[in-house]
Each structure stands twice: as C-alpha cells, then as structure tokens.
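Here is the structure we will look at.
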Amino acid sequence: MKVQNLILMAGLGLVCLSGCKSTKGNSEVTLKDAFANKFLMGVAINDNQASGRDSAGAQLIIKHFNSVAPENCMKSEVIHPEEGRYDFTQSDRFVAFGEKYNMDIIGHTLIWHSQLAPWFCVDENGKNVSKEVLTERMKEHITTVVSRYKGKIKGWDVVNEAFEDDGSYRQTKFYEILGEDYIPLAFQFAHEADPDAELYYNDYSMAHKGRRDAVVNMVKKLQAKGIRIDAVGMQGHFTMEFPKVEDFETSLLAFAATGVKVMITELDLTILPPPAPNVGADVSANFDYQKEMNPYPDMLPDSVSKAWNDRMSEFFKLFIKHSDKVTRVTVWGATDADSWRNDWPMKGRTDYPVLFDRNYQPKPFVNEMINEASNNKSK
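Per the UniProt record's numbering, the sequence shown starts with residue 1, numbered consecutively.
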C-alpha cells in the first residue's frame, strides 16, 4: 500500500475517534445534529482543509459542521492584491468545498481596514485617493467578488470592525476618506451585486456599552434608509476574564431588538495571559515573545483545562438559551493547532482556544453541550 494512502487512513482514523458520544448510551451525535433545531454550527476553514491537504481536519469539519467561513482567502490582500488583478484560487476552492458538502457558505469579509490590499485607498504616491475614487474602488471590488459567488454564498460579512470600544468610529482609511457613509455604501453595493444574499455587520468586544450602542445606532440608520442588513455578527474572541456573560447577553438582546438576526462569529477562548490590557482582538497588536506569557507550551494542567471548559460551557448555554435569536455559531478554527491565537498578539505561544484539540479530539464540554442541546429541543 502506498505511503500516502497509509497516512490518509491514519488521518481518517483520528477523526473517527473524535466523534462525540452522548453520555446517554453509545450513539454518536455530531455538533451539527445536536444543534440542528437551534442554530447552524459553523467553522472557519483554511486552504489546507479546503484543498484536502489536511484530510483529517477536512473530515472533522464535514462531520461536525454545516456552515463554513473562510479564515483568510477572501480578505482583500489575498483575493485582490493589486488593482485590476484578482486571485480567486483559494476562494474558489473554499466555495467548492462548502458546495460539495451542502454547507451554508459565509463570505468574509468585503470591507475591513486590516489585511487590506496596500493599494486600495491610496494613489501611486501613497496619498489618500479622493472620495470618488475610493467609492468606485469599493463598488468594483464588492461587485466583482459578490457577483462571482452569486447564488452560492448565503451571506456576507460586509463591513468588519468599524467601531472602537467607546462607540466612536475607528479611524480607518475608509472613514478618513468617506466618513460614516462608507458603511451604507458597502451594504448598498453588496445588495446590488446579489439581492438574495444576506448581509452582516461583524465586530469584536461587543459587550462594551459604547460599541453596543454604536452598532445598534448604525443598524437603525441603515434600516431607516431602506438599506438591507440581516444580522449582526458578535465575534467571540473571549478571554478568561472578558466579557462577563451577562454583558454579552445584554448586547445580544440589544441587537436582536432591532429586528436583525444575531450570529456568534469567530468564536475562540484564549487561556493565555494578555501581554497588555485592552488588546481586544486587534490583529495589528504585536508583542515580543516572553516566556512567562507562554505558560502551557506542552499541555494544560487539569485545573486550567476544567476552568476553560466551564467558561466555554457558560457561553454555549447562553447561545442555547437565546437560540430563538441566534441563527449561527461559528468557531474560528477547526482545532487548537489551526487557531490564530497561537501567534497573536505574540508569536510562538501555544494556546488551546477552540472546540477540538490538536489530536482532533473534542474538549469535554462538547459532549456536555450536545446533551444540553438534546435536553432543550424546542427553540
């Protein structure tokens, strides 16, 4: 037997071992089945998984999730690296993967100040372009990308992370040049490109009152203008201290009260100490490696693992409680090894932030939540 076939069988064997067992008998229950009458179970996937190079990861995703989002391949620096040139290689693979396995496909993200193609907002001299030029670039980019996947992608993260913790607008190039108008323009262009696609606003640290109020106000402004917005994505980049579950719940209810859906996006829970206060989930944050900031390079102590599982369980119980409002929960990475948390905001750390470990095994709370969902069948 060929070596590559042996490797593939070994990888698939790992996934078979990772099936979640209900504590009530030996019947296997997957995450997507357990939450089928509550919300979609989504996951961010990378190109190794979409292409099949990570066969064990791909099989884990196929087994447990019914929605996929692209971790990086649809961000403008990848999909539109130069003016007039698109690279759909990875995004086409991602969409094909979701279609093949009949998953709800989420597009991420159309307008974001981070991982932005360097040319997008400036001229050949590096100076800001005019309002007219940036508006046209936004329209061309959104129209090209959304139109390519029209009818294939269920919904788009149209604008990502437009506000600060205090509710002020983030001082991005988009805001600097276009002011707050860039948000309705982005939603308008996306709707025109695919009138049937759902459109979302996505942000982190949504438990902060300032950001909560700003997002509620933004949603109401779009609605007043007759501009489509279907959901608010509440990024779940949690720490062991932030947010308080009750504060997150307050924001969830505030967003739902505007009449839009609520989606839990980019879910992960870091166990590692923060190198500075109030880092949030700003991808531009960067700190030099410090050994004391990497306390668990090999494994988690049992007490720490239990604390992590208990806290993640609290949040999943909240999602179940409000499953009449929450339509999707998307984990940001299939396994701990895939998570961006390992290298952010400090490269070289080992983190344990998502639902499956580095051996493709479910964390203890996963079985607990499957039973919790099974015992709360009505929405």
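The beta carbon of each residue, even a glycine, is placed where N, CA and C say it ideally should be.
{"Check": "Identify whether I227 lies in helix, strand or coil by the three-state DSSP scheme.", "Outcome": "coil"}
{"Check": "Reducing DSSP to helix, strand and coil, say where G236 ends up.", "Outcome": "strand"}
{"Check": "Counting Cβ pairs, one atom from each stretch, are 3 or more of them under 8 Å apart for the region 178-192 and the region 77-96?", "Outcome": "no"}
{"Check": "How is L199 classed by DSSP in three states: helix, strand or coil?", "Outcome": "strand"}
{"Check": "Let me know the secondary structure DSSP gives L300 once reduced to three states.", "Outcome": "coil"}
{"Check": "Buried or exposed, going by whether 16 or more other CB atoms sit within 10 Å of the CB of K75?", "Outcome": "buried"}
{"Check": "Would Y193 pass as a contact of I142 if the rule is Cβ separation under 8 Å?", "Outcome": "At residue 193 the sequence reads Ala, which differs from the Tyr that was named. Contact flag set, yes."}
{"Check": "Going by DSSP, what residue range makes up the beta strand (DSSP E) through A69?", "Outcome": "S67 to P70"}
{"Check": "Once the 5 residues before and after E368 are set aside, which same chain residues still bring their CB inside 7 Å of it?", "Outcome": "S313"}
{"Check": "Would DSSP call K21 helix, strand or coil?", "Outcome": "Confidence in K21 is poor, its pLDDT being 48 and thus under 50, which makes the residue's placement too unreliable to answer from."}
{"Check": "By DSSP, does A44 sit in helix, in strand, or in coil?", "Outcome": "strand"}
{"Check": "Determine, using beta carbons only, whether V158 and L110 come nearer to each other than 8 Å.", "Outcome": "yes"}
{"Check": "Using DSSP with H/G/I as helix, E/B as strand and the rest coil, what is D157?", "Outcome": "strand"}
{"Check": "Of the residues G52, A50, S67 and Q49, which one's Cα is nearest the Cα of A36?", "Outcome": "S67"}
{"Check": "With I271 and W332 assumed to form a contact (beta carbons below 8 Å), what rounded beta-carbon distance in angstroms separates them?", "Outcome": "The Cβ separation is near 15 Å, so there is no contact."}
{"Check": "Quick one: what's got a C-beta closer than 6 Å to F287's C-beta in the same chain, skipping five residues either side?", "Outcome": "P275, P345 and M346"}
{"Check": "Alpha carbons only, please: which of N217, E77 and K150 is nearest the one belonging to A162?", "Outcome": "N217"}
{"Check": "Exposed or buried, which one is Y289 when buried takes at least 16 other CB atoms within 10 Å?", "Outcome": "exposed"}
{"Check": "According to DSSP, residue 454 sits in a beta bridge with which residue or residues?", "Outcome": "Only positions 1 to 379 of the chain appear in this structure, which leaves residue 454 out of reach."}
{"Check": "So what's residue 382 in DSSP terms, helix, strand or just coil?", "Outcome": "A query on residue 382 cannot be resolved here, the shown segment of the chain reaching from 1 to 379 and no further."}
{"Check": "Under the three-state reduction of DSSP, which class applies to T330: helix, strand or coil?", "Outcome": "strand"}
{"Check": "Do Y201 and H237 have their CB atoms nearer than 8 Å?", "Outcome": "no"}
{"Check": "Using beta-carbon positions only, say whether residue 388 and Q49 come within less than 8 Å of one another.", "Outcome": "There is no way to answer for residue 388, as the model of the chain reaches only from 1 to 379."}
{"Check": "Just to confirm the assignment, what range does the alpha helix (DSSP H) spanning F287 have?", "Outcome": "From DSSP, F287 is part of no alpha helix (DSSP H); its letter is neither H nor E."}
{"Check": "Is it buried or exposed for N125, if we count other Cβ within 10 angstroms and need 16 for buried?", "Outcome": "exposed"}
{"Check": "Look up L8 in the DSSP assignment and say whether it is helix, strand or coil.", "Outcome": "Model confidence at L8 stands at a pLDDT of 41, short of 50, so the residue's coordinates are unreliable; what they give is reported in the following sentence. The answer is helix: DSSP assigns L8 an H, G or I state."}
{"Check": "So E176 is in the alpha helix (DSSP H); what residue range does that whole segment cover?", "Outcome": "K173 to L178"}
{"Check": "Could you spell out the range, first to last residue, of the alpha helix (DSSP H) harbouring R148?", "Outcome": "K131 to R148"}
{"Check": "Output the distance between the C-alpha atoms of V326 and H80, rounded to the nearest integer angstrom.", "Outcome": "32 Å"}
{"Check": "Assuming V354 and D343 form a contact by the criterion Cβ under 8 Å, report the distance between their Cβ atoms to the nearest whole angstrom.", "Outcome": "No, V354 and D343 are not in contact; Cβ-Cβ is about 14 Å, not under 8 Å."}
{"Check": "With H, G and I counted as helix, E and B as strand and the rest as coil, what does DSSP make of P184?", "Outcome": "helix"}
{"Check": "Quick one: give me the first and last residue of the alpha helix (DSSP H) that D247 is part of.", "Outcome": "V245 to A256"}
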